[in-house]
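For our numbering, add 718 to where a residue sits in the sequence shown, where the first one is 1.
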Amino acid sequence: MQTPWKNPVVILIGDPPTETIIATTQGAALVLIEDWPLKDGPALRRALLMCAGVLEQINKPDEAREAFMEAAREAGVLVEASIVATGSKGCSGSILGGSGSR
719 MQTPWKNPVV ILIGDPPTET IIATTQGAAL VLIEDWPLKD GPALRRALLM
769 CAGVLEQINK PDEAREAFME AAREAGVLVE ASIVATGSKG CSGSILGGSG
819 SR
């Protein structure tokens with residue numbers, strides 16, 4: 719089950735970088751595994767473990783979100799000053815979470 723985060727996280731990812739909204743732990747795990755610009759790093763490893771913990775019902779989604787934000791800072795892809803409402807109009811990027819597709 720994909721439970722949306724209360725506050726989605728915006729990152730710049732891809733080539734060229736595209737603003738992407740990450741709205742669930744599953745979306746975070748997918749982007750960390752498939753599209754992440756770093757291959758290794760302490761925050762990346764922690765985020766992957768936290769996401770797996772949520773899927774195994776060990777960790778809370780908010781814990782995975784915080785770890786994902788730290789990994790995004792580590793990779794230099796976090797859009798810091800963003801307030802996002804899921805499904806908001808005016809976003810030109812992708813939303814990764816709700817439907818599992820981008």
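Think of the CB as a built atom: it goes at the ideal place given N, C-alpha and C, for glycine as much as any other residue.
Rounded to the nearest whole angstrom, the CA to CA distance from Gln775 to Pro734 is 35 angstroms. Beta bridge pairing from DSSP links Glu752 with no other residue. Leaving aside the five residues that flank Arg764 on each side, the residues in its chain whose CB is nearer than 6 angstroms to its CB run, in chain order, Ala785. A residue is called buried when at least 16 other Cβ atoms come within 10 angstroms of its Cβ; Leu756 does not meet this threshold and is exposed. Excluding sequence positions up to five before and after Leu762, its CB lies within less than 8 angstroms of the CB of Leu750, Trp754, Leu756, Ala789, Glu792, Ala793, all in the same chain and listed in chain order. Here the alpha carbon of Ala747 sits roughly 13 angstroms from the alpha carbon of Pro722. DSSP places Glu798 outside both helix and strand once states are collapsed to three, so it counts as coil.
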